[in-house]
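In the numbering used here, the protein residues as written are 576 to 810.
Every residue, glycine too, gets a C-beta built ideally from N, C-alpha and C.
Each remark here refers to the structure printed beneath this line.
Okay, here's the thing in structure tokens:
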């Protein structure tokens, strides 16, 4: 029997198409894929059609895996997302300093500011777009770079909690929780291979395709260092 830690389930939802895929984490193999296309150019997602699609496919997936599906990654292709660009700067008192801690503090401040100014909102994608070390602008973090001023420029893709609750309430009918939400628009702009499915794009995003994306971890994560407790950056 495949353990839950060995596979991931991705559900793609748009007004004109639903798809669902199961990937094995150890070799990224697709072991299940189904999609449903709609003939009309709809602008709204039909709750009943989505529930029918989930019901039909979750039963087949659980039969394949010989176990229940408890969590899912949800890829949304809707206009419910909005983008916030945020820059922050810190003056460094010591020229020779490990900037890892400084980066953590700045990222935490950005997160807190977004939460304060955009209430009832969840951060879906948290991306560092630029690092600025005095006059040096870089796409990559240089932890031992000497500088007097350290700046971060970031892009945050957010969604209202009420929009999440809509999909959460549907999936809860099948005892499934949303592990993470992915913006399909974000994935399309990042993963340039248009031959792969939306679920495959989502799998790449979650696997760390963008080295400058910050993954926020739950507050109750134990036995981690301060860096991993707040953020997980790839690269």
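- Taken in chain order, the unbroken stretches of beta strand (DSSP E) that lie wholly in the segment 618 to 695 and span 3 residues or more are 646 to 651, 656 to 666.
- Judged by DSSP secondary structure, residue 724 falls within the beta strand (DSSP E) whose first and last residues are 724 to 735.
- Our two residues, residue 636 and residue 652, have alpha carbons roughly 23 angstroms apart in a direct line.
- The Cβ atoms of residue 754 and residue 647 sit closer than 8 angstroms to each other.
- Here residue 661 has 685, 729 as same chain residues with Cβ atoms under 6 angstroms from its own Cβ, once five neighbours each way along the sequence are excluded.
- Under the three-state reduction of DSSP output, residue 592 falls in the strand class.
- Of the candidates 743, 774, 758, 779, the residue whose Cα lies closest to the Cα of residue 608 is 774.
- In the DSSP secondary-structure assignment, residue 599 is bridged to 582.
- A straight-line Cα-Cα distance of about 34 angstroms links residue 716 and residue 738.
- The C-beta distance from residue 650 to residue 759 rounds to 5 angstroms, short enough to meet the 8 angstroms contact threshold.
- Here residue 588 is not near residue 612, since their CB atoms are 8 angstroms or more apart.
- Rounded to whole angstroms, the gap between the alpha carbons of residue 677 and residue 618 is 44 angstroms.
- Counting C-beta pairs closer than 8 angstroms gives three or more between the segment 699 to 716 and the segment 780 to 789, which meets the contact rule.
- Annotated as proximal: residue 659 and residue 731, with beta-carbon spacing under 8 angstroms.
- Within the DSSP bridge table, the entry for residue 707 names 712, 726 as partners.
- Between residue 645 and residue 751, the beta carbon gap of about 6 angstroms places them in contact (Cβ cut-off 8 angstroms).
- Per the C-alpha coordinates, the member of 748, 762, 771 positioned closest to residue 634 is 748.
- According to the DSSP secondary-structure assignment, residue 587 is paired through a beta bridge with 594, 650.
- Under the three-state reduction of DSSP, residue 612 is assigned to strand.
- Around the beta carbon of residue 706, 16 or more other beta carbons lie within 10 angstroms, which makes this residue buried.
- With a beta-carbon spacing of about 14 angstroms, residue 605 and residue 581 fall beyond the 8 angstroms limit used to define contacts.
- Residue range 773 to 781 is occupied by the alpha helix (DSSP H) that includes residue 779.
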